[in-house]
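*Asks:* So the protein sequences, as listed, match chains A and B.
Residues in the first sequence are numbered from 0 upward in steps of one, following numbering that gives the first Met the number 0.
Residues in the second sequence are numbered from 0 upward in steps of one, following numbering that gives the first Met the number 0.
Number of protein chains: 2
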Amino acid sequence: MAVSRASAGSVTIEDVAREAGVSRAAVSKVIRNAYGVSPAMRERVTAAIEKLGYRPNISARGLRGATFTLGIEIPELSNPFFPRLLTGATAALSDSPYQLIIAPADPAHSEGYRALQALVDRQVDGVIAVSPLVEPDWLEALAADVPVVMLGRHDRSSAYDTVVSDDEGGTRQVMRHLFELGHRDIAHLTCETERTASGSGVPQAIRLDTYRAAMQEAGFGDRISVVRSLNGEAECHRAAMRLLTGPDRPTAVFACHDEPALGVLHAIADAGLTTGDVAVVGYDDIEIAAHPNLSLTTVDQDGERMGALAVELLLERIAGRAEPRHEVIRPELIVRSSTRPPRPRGGATRLGALGDR
Amino acid sequence: MAVSRASAGSVTIEDVAREAGVSRAAVSKVIRNAYGVSPAMRERVTAAIEKLGYRPNISARGLRGATFTLGIEIPELSNPFFPRLLTGATAALSDSPYQLIIAPADPAHSEGYRALQALVDRQVDGVIAVSPLVEPDWLEALAADVPVVMLGRHDRSSAYDTVVSDDEGGTRQVMRHLFELGHRDIAHLTCETERTASGSGVPQAIRLDTYRAAMQEAGFGDRISVVRSLNGEAECHRAAMRLLTGPDRPTAVFACHDEPALGVLHAIADAGLTTGDVAVVGYDDIEIAAHPNLSLTTVDQDGERMGALAVELLLERIAGRAEPRHEVIRPELIVRSSTRPPRPRGGATRLGALGDR
DNA sequence: CGCCTCTTGTAGATCGGTCTACAACATGTG
DNA sequence: CACATGTTGTAGACCGATCTACAAGAGGCG
């Protein structure tokens, strides 16, 4: 283990300077790779640092210069999509001097606000925000203080950069796939209303709007069926159960992301049905979706890429870029066995009807 | 939103003091709730803080006093068990002045070391370490600097507290359950060797040792079969495939945690078998294990409780406790449909053999 | 040789808080 | 009334770095 002795009590820059027989400023220059250092001095200072196991105190550093810390704020880590973002972000930083720290957004408190504030209070050099619910205005004010990259929301601002997936495109792929299989009674399972206000820029809102538009355009406007549910597997399961045992059982359910989709699969099993009876599509392509026992058709968002891209943009901002950048990732439909053609129920007329579109 | 304007440029304690017409020290006293503040002064200072939207700079604070920040280091967030810890820890802090920050352990770098160092460098008031692989000595040195709680490893030290699950007890429950169902050819799927060295205190090592002991004690010592695999679903799947298609197919597989167990279920499906042919047991009870399409028998570790307990111990340490505390959580076997009695294969003799134990 | 420039190193202010020591004043007590 | 005690507020050192301004010395050039 070539790991330095755990910060050894507290060796300060003063100690290093004494050991090397130079001034504090000299040591500072060496560790910052600043101008005005002779090879001889660098040598001696480096040796002293090594010998004493010196590590700069980031708090002290933060008072004047950079902390080499990037903060990322994440809601509900229980959703397996978010760790994908983190994996990408961490990997993108692995050879840089920057360290990523994560602040979990406690849902009990005002969602992302507290966590983002906490990061800024700690003098991070930049923040990545994943919270879908913080107000754009507030975020803009934040961006005046510190570089900000917003992940996964579609509103644009010149104050901060964004990385989003093309949610409309992804949803279009889902709907086309279901239409091509012959589905027309397609329900959409999404979150409670406040999160999906049209125009809010939240991915779920765009998926919902696109679902509606696609149904309209395909001539199935009268079959639009939107079911809302609170977060959590149990809640989604309950909502799905109502949907499946209700009077107008759809032949396919498109869930706003994979977790509710798994809840639908759960309900399908409980209702004694199979995905042959009711097709299911999710969104995100979380790892477990590929498991043969679930085999969920879904949309891959490449969270790793999004995380890495967010870090990249943030580092550019820190390096001085002022013009905003807004990156869009192309999602990809992954077809698995949870989507099959609808079973003919009331005769073959329906399939025929689709044929003459 | 009663959220203060995003740190508003940078209002310092100086500004607040001027606004309230008092000294910096007075403001400091108010925000720290220190002794020697009259109600009148408190009033004026509080008003000034409110008016200016002042937020203390944590870096500056860290230079002398506390940062009210707890750090937790987590390996591989992709494993859904770890978010459970975080949920518990976050919830335990939701009404305290402390903020949790997470440092992901980049597997590319020397696992937990870098992340733990990063936290200490940032002057956290205490750290929770989840890394199973950092050396106890190193951790002890760390604990000399800052309060430490080690989560999930069984070695004890007087320098730091620990929170662990009773892995031996959990494994005993698993083995008893399998024996009672009639299984004797039970294989154990675990991680690569370095992680499971006996006596290392790593949970996987204890589960392995207990598996071996239980098999011996039941008289099946000659049927002990340990399969090793790297981390990751794909790797586990491959290892499981070898096991299932090999000459001595076991009737049950006990995996060291849920992710490899899901890999085994995957392999079982691929091999055209069912859990009627090969029973599967996992460990951790991650959320998806309860899904009817998987229905994995596993051991619940109550990660939320462990996380909350770790925070509790850490706060005690910070408050001054010096004697170590070592908490043990009792795990609980959750029986689902992935474990059924073995199918009689070579006649009924085997079941008979079990009977005369 | 005198002057100019470039390199190398240092002194000391500064960042925004905390905390100790102490001054000023009020109150209680013999 | 003199003195001890308690309360309330302030001044200023201090934490550990960064960073500006500048001094000292080396080398180049007419």
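For each residue, glycine too, the CB sits at the ideal point set by N, CA and C.
All of these numbers come straight from a predicted model, not from anything done at the bench.
Going by beta carbon distance, what residues of the same chain come within less than 8 Å of GLY346(A), once the five residues before and after it are set aside?
*Replies:* Interpretation of GLY346(A) is limited by its pLDDT of 43, a score under 50 that renders its predicted location unreliable; no figure is taken from the coordinates.
*Asks:* Would you say THR86(A) faces chain B, with C-beta separation under 8 Å as the test?
*Replies:* Yes - at least one Cβ of chain B is within 8 Å of the one on THR86(A).
*Asks:* Distance cutoff 8 Å, beta carbons only. Does MET0(B) sit that close to anything in chain A?
*Replies:* Because the pLDDT of MET0(B) is 36, which lies under 50, any placement of that residue in the model is unreliable, and the question is left without a value.
*Asks:* List the residues of chain A that ALA117(B) touches, going by C-beta distances under 7 Å, in chain order.
*Replies:* The contacting residues are GLN98.
*Asks:* Compare the C-beta of PRO291(A) against all C-beta atoms of chain B and say whether one is closer than 8 Å.
*Replies:* Yes, PRO291(A) lies at the interface with chain B (some Cβ there is under 8 Å from its Cβ).
*Asks:* Would you say TRP137(B) touches the ligand FMN, meaning its beta carbon is less than 7 Å from a heavy atom?
*Replies:* Among the ligands in the structure shown, none appear at all, so the ligand FMN cannot be discussed.
*Asks:* For the alpha helix (DSSP H) holding ASP208(A), just list the boundary residues, first then last.
*Replies:* ASP208(A) -> alpha helix (DSSP H) spans 202 to 216.
*Asks:* What residues in the stretch 242 to 256 of chain A have a beta carbon less than 9 Å from any beta carbon of chain B?
*Replies:* Those residues of the stretch 242 to 256 of chain A that come within reach of chain B (Cβ to Cβ, closer than 9 Å) do not exist; the list is empty.
*Asks:* Rounded to a whole number of angstroms, what is the C-alpha to C-alpha distance between THR195(B) and ASP299(B)?
*Replies:* Rounded to whole angstroms, THR195(B) to ASP299(B) spans 21 Å at the Cα level.
*Asks:* So if I threshold CB-CB distances at 9 Å, which residues from the stretch 49 to 73 of chain A count as touching chain B?
*Replies:* Correct list: ARG54, PRO55, ASN56, ILE57, SER58, ALA59, ARG60, GLY61, LEU62, THR66, THR68, GLY70, ILE73.
*Asks:* Runs of 3 residues minimum, wholly inside the stretch 216 to 284 of chain A: which ones carry the beta strand (DSSP E) assignment?
*Replies:* Fully enclosed beta strand (DSSP E) runs of 3 or longer: 224 to 228, 251 to 254, 278 to 280.
*Asks:* Using beta-carbon positions only, say whether HIS187(B) and PHE253(B) come within less than 8 Å of one another.
*Replies:* Yes, these two residues count as a Cβ contact at 8 Å.
*Asks:* Within 10 Å of its beta-carbon, does ASN56(A) have 16 or more other beta-carbons around it, so buried, or fewer, so exposed?
*Replies:* Per the 10 Å Cβ criterion, buried.
*Asks:* Please say whether LEU313(B) and ILE127(B) have beta carbons closer to each other than 8 Å?
*Replies:* Yes.
*Asks:* Throw me the rounded Cβ distance for the GLY151(A) and VAL129(A) pair, which I believe falls under 8 Å.
*Replies:* Rounded, the Cβ-Cβ distance is 6 Å, consistent with contact.
*Asks:* Taking 8 Å as the cut-off, does the stretch 302 to 319 of chain A touch the stretch 156 to 166 of chain A (at least 3 CB pairs, one atom from each stretch)?
*Replies:* In short, these stretches touch, since the Cβ pair count reaches three.
*Asks:* Between ALA270(B) and chain A, is there a C-beta pair that is closer than 8 Å?
*Replies:* For ALA270(B), the answer is no, since every Cβ of chain A falls outside 8 Å of its Cβ.
*Asks:* Are VAL10(A) and VAL44(A) touching if we call contact CB-CB under 8 Å?
*Replies:* For VAL10(A) and VAL44(A), no; Cβs fall outside 8 Å.
*Asks:* ALA39(B) CB to nearest chain A CB: under 8 Å?
*Replies:* So no, ALA39(B) is outside the interface.
*Asks:* When DSSP labels each residue in this structure, what does ARG296(A) get in the three-state scheme?
*Replies:* Strictly speaking, residue 296(A) in this sequence is Thr, with Arg absent from that position. Residue state, collapsed to three classes: strand.
*Asks:* Against THR89(B), what residues of chain A qualify as contacts under a CB-to-CB distance less than 7 Å, listed in chain order?
*Replies:* Going along chain A in sequence order, the residues near THR89(B) (Cβ under 7 Å) are PRO103, ASP105.
*Asks:* Does the beta-carbon distance from THR297(B) to ALA238(B) come in below 8 Å?
*Replies:* No, the pair does not count as a contact, with Cβ atoms beyond the cut-off.
*Asks:* Can you tell me which residues form a DSSP beta bridge with GLU331(A)?
*Replies:* In the DSSP output, where bridge partners are listed per residue, GLU331(A) has ASP299(A).
*Asks:* Report the neighbours of GLN300(A) on chain B: residues whose CB is nearer than 8 Å to its CB, in chain order.
*Replies:* Simply none; closest approach about 15 Å.
*Asks:* Report the residue from GLN116(A), GLY302(A), VAL123(A), VAL280(A) whose alpha carbon sits nearest the alpha carbon of LEU295(A).
*Replies:* LEU295(A) has its Cα closest to that of VAL280(A), out of GLN116(A), GLY302(A), VAL123(A), VAL280(A).
*Asks:* Exposed or buried, which one is TYR53(B) when buried takes at least 16 other CB atoms within 10 Å?
*Replies:* Counting Cβ neighbours within 10 Å, TYR53(B) comes out buried, since at least 16 surround it.
*Asks:* Starting from the C-beta of ARG4(B), find all residues in its chain whose C-beta is less than 8 Å away, skip the five residues before and the five after it, and write them out in chain order.
*Replies:* Per-residue confidence for ARG4(B) stands at a pLDDT of 36, beneath the threshold of 50, marking its modelled position as unreliable; the derived number appears in the next sentence. Only GLY52 meet the Cβ criterion.
*Asks:* For ASP165(A), I'd like the list of residues in its chain whose CB is within less than 8 Å of its CB, leaving aside the five on either flank, ordered along the chain.
*Replies:* Contacts found: VAL327, ILE328, ARG329, PRO330.
*Asks:* Is it buried or exposed for ASP120(A), if we count other Cβ within 10 angstroms and need 16 for buried?
*Replies:* By the 10 Å Cβ count, ASP120(A) comes out buried.
*Asks:* Tell me which residues share the same chain as GLU311(A) and place their Cβ nearer than 8 Å to its Cβ, disregarding the 5 neighbours each side in the sequence.
*Replies:* For GLU311(A), where only same-chain residues beyond five positions count, the Cβ hits under 8 Å are ALA91.
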